[in-house]
Structure formats: structure tokens, C-alpha cells
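Comments concern the structure below.
Residue numbers (this note's numbering), protein chains in the order written: chain Z, 9 to 157; chain A, -11 to 53.
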């Protein structure tokens, strides 16, 4: 993959869960694109750091538990957009249900994961700004990366 | 089996747009959706399944004489 801009990237949601948490499992799901996404944001796994300072020698740093992170996309509110309506449903959901998400890059590469939406606050800022939604989606599964075809 | 199989007849509860397919669904419209699309739209309260109509009562009543 050569370097590219983010222009053309998409974020999509599905209420279904994959039979297997791999490319094939996610590919079998039906996703609904979320419209009017301005930014998707940074996402990916990071590890907790466990430090150990031996009496002799350099401080050691070990990888602890893994956290697959979260995304906080920035979205212009559109009450007619199906993807936003589904995302709002996931935010209103008081159960522990996992929703499936798909990020598609301009070259066709995809990132799949499941998560829970912990909120979808709306932002009415200045007169010359768009009404925005800023959902917070916590990623609860390993991110499945599918390269461009 | 992909969940894009098996069409479901549904009624659109309110007008909405699907950004991915760039399709507008008009409120009150009867449509056919894949199982996966139906599940997504139904969860958001956008569509409901059209129940299969019950067969008409074909028995005739005897007139009282």
C-alpha cells in the first residue's frame, strides 16, 4: 500500500455479530455506512506497560494487558441518515450488546472490530459551525485488518 | 451463508437515506430488503416487517331461514 490521504474513507455499522472474528466472518455481515463523517480518528491496540527496575542494569519494560482503544468520530448530524440512526441506537442501548464496525480506506483496505457506543453527544457550537455528533465507541475485540484487493 | 440472502418485505416507517447505496427510502413505502439490511434498519426503528396476510375466510355462512 502506498501512502494516501484519508479522503474517501468510510465508517459503517452492523447490528449483527460475525460467526468468526476474522475476515470471512465480518465479510458475511451487512454493514450500513454512516453518512456525514468528518473524521474517524485514531484507533488501534496498545499495551499496558509493566516496569521492573533490577538492582543492576537498565529498567525493564514489559508488555501487559492489551487495550484495543476507542474511536471518537466527528459527524455532522443528519436525522435522515440510516447509519447515524443505527449508531444512535447503539448509543442508547443499555445492554452489553456488541455492534460490529467497518472502516474502509480509499484503497479498499478494511478494518473490522466490535465495540459498544458509550455515548453520542450532540454539539451546537457557533453560528457558523455545523451541528455535530461526537460518539465514543470503545473497541472490545481485536481489530481485523484486511488488505486492499 | 451470507446474511445478504433471504429477502424480507418491509414497510418504511419514516423517510431515510442509506449513505452507502445512496438510496432514499420514503416513509410508507413497501420495500424488499436483504436480511442484513432489514436487521440494521429495524434496530434503528426505520422499518418493520410486513406480516403475511392471513388467508380470507372461504366458508360461506348458511342463511338463517
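All residues carry an ideal CB built from backbone N, CA and C; glycine is no exception.
8 Å Cβ cut-off: residues of chain Z touching residue i
i                     : result
residue 3 of chain A  : 88
residue -6 of chain A : In chain order: nothing, as chain Z lies at least about 11 Å away.
Chain A contact residues for residue i, given Cβ-Cβ distances below 8 Å
i                      : result
residue 156 of chain Z : Ordered by position in chain A, no residue passes the 8 Å Cβ test against residue 156 of chain Z, which lies about 18 Å from the chain.
residue 42 of chain Z  : 7
residue 91 of chain Z  : 6, 7 and 8
Run of the alpha helix (DSSP H) containing residue i, from where it starts to where it stops
i                      : result
residue 113 of chain Z : Neither: residue 113 of chain Z is in no alpha helix (DSSP H) and is coded neither H nor E.
residue 23 of chain A  : 23 to 31
residue 94 of chain Z  : 90 to 100
residue 35 of chain Z  : 31 to 35
Beta-carbon neighbours of residue i, restricted to chain A and to distances below 9 Å
i                     : result
residue 30 of chain Z : The premise fails here: residue 30 of chain Z is roughly 15 Å from chain A at the closest Cβ pair, so nothing lies under 9 Å.
Neighbouring residues, chain A, relative to residue i (Cβ below 7 Å)
i                     : result
residue 94 of chain Z : 28, 31 and 32
residue 97 of chain Z : 31 and 32
residue 66 of chain Z : What residue 66 of chain Z touches in chain A: nothing, since even the nearest Cβ is about 51 Å away.
7 Å CB neighbourhood of residue i in its chain, flanking five on each side removed
i                      : result
residue 146 of chain Z : 78, 123, 124 and 126
residue 23 of chain Z  : 94 and 107
residue 18 of chain A  : -3, -1 and 38
Rounded straight-line distance, which links the Cα of residue j to that of residue i
i                      : j                      : result
residue 41 of chain A  : residue 16 of chain A  : Residue placement at residue 41 of chain A is poorly supported in this model, since its pLDDT is 41, which falls under 50; the coordinates still yield a value, given next. Near 17 Å, if we compare the C-alpha coordinates of residue 16 of chain A and residue 41 of chain A.
residue 34 of chain Z  : residue 36 of chain A  : 25 Å
residue 12 of chain Z  : residue 155 of chain Z : 14 Å
residue 68 of chain Z  : residue 150 of chain Z : 26 Å
residue 15 of chain Z  : residue 101 of chain Z : 31 Å
residue 47 of chain A  : residue -6 of chain A  : Here residue 47 of chain A scores only 49 on pLDDT, less than 50, and its place in the model is too uncertain to base an answer on.
residue 143 of chain Z : residue 84 of chain Z  : 11 Å
residue 92 of chain Z  : residue 3 of chain A   : 14 Å
residue 37 of chain Z  : residue 56 of chain Z  : 32 Å
residue 129 of chain Z : residue 21 of chain Z  : 18 Å
residue 119 of chain Z : residue 64 of chain Z  : 43 Å
residue 6 of chain A   : residue 43 of chain Z  : 8 Å
Own chain, CB closer than 6 Å to residue i, minus 5 neighbours either side, in chain order
i                      : result
residue 113 of chain Z : 17
residue 45 of chain Z  : 19, 81 and 83
residue 121 of chain Z : 109, 147, 149 and 151
residue 29 of chain A  : 35
Extent of the continuous beta strand (DSSP E) to which residue i belongs
i                      : result
residue 52 of chain Z  : Looking at the DSSP string, residue 52 of chain Z is not in any beta strand (DSSP E), and its letter there is neither H nor E.
residue 19 of chain Z  : 18 to 22
residue 125 of chain Z : 118 to 127
Sequence-distant residues of the same chain with beta carbon closer than 8 Å to residue i, five excluded per side
i                     : result
residue 48 of chain Z : 14, 17, 19, 79, 81 and 111
residue 59 of chain Z : 67, 68, 69 and 70
Residue i beta carbon near the ligand NAP (any heavy atom closer than 6 Å)
i                      : result
residue 119 of chain Z : Inclusion of the ligand NAP in the displayed structure is not the case, the ligand content being empty and no account of it being possible.
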